[in-house]
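What follows is one structure encoded as structure tokens, with my remarks underneath.
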Amino acid sequence: MYSQCLILLAVTAIASSNFIRVPLKRDTTLAKRLTTYGRANNRALDQRKYEAGSVILTDYSDTEYYGEISIGTPQQKFNVIFDTGSSNLWVPSSKCNTDSGCKNHKQYDSDKSSTYSKNGTEFLITYGSGSVEGFVSRDDVEVGGLTVKNQIFAEITNEPGATFINNPFDGILGLAYYDLSINGIPTVFDNLIQQGVINKAAFSFYLGHVNDTVGGELVLGGSDPKYYKGDFSYLPVTKQRYWQVKMDNFTAGDATVCNNGCEAIIDSGTSFIIGPWEDIEAINDAIDAYYSGGLYYANCQYLDELPDLEFTLSGKKFVVKPEQYILKYHDIYRGNVCVTTFSSADFDSAGFQWILGDAFMRQFYTEFDLENNRIGIADLA
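Quick note on numbering: the sequence shown equals residues -17 to -1, 1 to 364 in mature numbering (1 follows the signal peptide of the UniProt record, and there is no 0).
Dropping the structure here:
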């Protein structure tokens, strides 16, 4: 997770088509979000025979997707990013420092939960967009109508800096591999499997566009065929830590990067497509984008002339259209503005070079198959 943001406006549990859905509404303050994002250096079911749960996601103007979970008895509700780029669950604590960003969000109060169990181990996690710290606790967690008993999670007492303070999400629920987990804490998804709550070790994402009625949907325990057509193209996970795959190359117009192959992670918690500086410069140059204030801008008048992006992953080609990699918003000073979703950072020390975030995932239906250590990508229905 290398950058994020979200907010809940309405919650109504609905059961239909054997899925449990939690409808949410979206916030549309994209201009402010992108400005902050740039200044922060851009760091960004199928039911069949399986039991499954789902969470409807809110689309924060095509920059973030989030949904609701509950912790404790009685339930305390939180809005979280479902992040395939991290592995821990954390929410703000009622013991939050008075000058910390967690004061702006919903807070977990262990004194109000009959199923709470004390742990107290110190907790610190750093993302590309900021760090949070606190301590570890244990309680029941509900996601999409499915309950995990005695889940270990972090109560956050300090959220320094503007990254989390100004964002409308409360916490993060990590969906990466256990090996990435801070303090060796079992993940929520691992516990759903181990406790027999779901029978298939897979989850899937549909990420809607800002103009769609539904922001998106996370399915736990399989995939929802109403969102995709044809078969999945499966990519083997090359390192079971992040959801990491082999990228053979990436082309935009007359620019091709990653010519000798590289490693990429598919990350629902990152808004943009992020890679090495030289490669990002080449891609932005190929679409005539210019840099200003931490972001790359395209000419809104010529969007129809922009090229498709072509990613070759494990020998399979995937095409992303301009409407997915260009974000539009209205700026009170500049009028209609178009921002590219390409940003640069160096991840070599983490063992990969690229992050394919929501700008990539929005084009497809994506299944993360933990049982077979693979990622399935299918065309949207």
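Just so you know, even glycine gets a beta-carbon here, dropped at the ideal spot from N, CA and C.
Inclusion of I108 and I165 in the CB contact set at 7 Å is warranted, their separation being smaller than that value. Between D341 and S251 the beta-carbon gap is near 7 Å, inside 8 Å, which marks them as a contact.
DSSP places S93 in the helix class (H, G or I) of the three-state scheme. Taking 4 residues as the minimum length, the alpha helix (DSSP H) runs contained wholly in the segment 288 to 320 are 305 to 308, in order along the chain. Where N62 is concerned, the enclosing beta strand (DSSP E) starts and stops at 59 to 66. When secondary structure is reduced to three states using DSSP, Y279 falls in the strand class. Taking a C-beta distance under 7 Å as the contact criterion, S70 and L203 do not qualify as a contact pair. Between G84 and E142, the C-beta spacing is below 7 Å.
When secondary structure is reduced to three states using DSSP, N182 falls in the coil class, being assigned neither helix nor strand. Around the beta carbon of L353, 16 or more other beta carbons sit within 10 angstroms, so the residue counts as buried. Within the same chain, and ignoring the five residues on either side of K229 in sequence, the residues whose Cβ sits closer than 6 Å to its Cβ are T221, S297.
When C-beta atoms of the segment 329 to 338 are compared with those of the segment 173 to 185, fewer than three pairs fall below 8 Å, so the two segments do not count as touching. As DSSP reads the structure, N141 sits in a beta bridge with E116.
I64 is not a Cβ neighbour of F172, given a cutoff of 7 Å. With respect to the C-alpha of K304, the residue from C283, K132, L289, V74 having the closest C-alpha is L289. If you draw a 10 Å sphere on the C-beta of I315, you find fewer than 16 other C-beta atoms in it, and that means exposed. DSSP places N102 inside the beta strand (DSSP E), whose first and last residues are 100 to 110.
Non-local C-beta neighbours of T104 in its own chain, meaning closer than 8 Å and more than five positions away in sequence, comprise F118, V119, N166, ordered along the chain.
Taking one beta carbon from each stretch, the segment 259 to 278 and the segment 87 to 94 have fewer than 3 pairs nearer than 8 Å; the two do not touch. Under the three-state reduction of DSSP output, V171 falls in the helix class.
By the neighbour-count definition (other C-beta atoms within 10 Å, threshold 16), Q307 is a buried residue. In this structure, the beta-carbon distance from Y48 to L190 falls below 7 Å. The beta carbon of K132 sits closer than 7 Å to the beta carbons of D123, Q178 from its chain, once the five residues preceding and following it are set aside; these are given in chain order. Just so you know, the alpha carbons of T323 and E293 end up roughly 16 Å apart.
R357 and L158 have their C-alpha atoms spaced approximately 14 Å apart. C-alpha of V74 to C-alpha of Q284: approximately 42 Å in a straight line.
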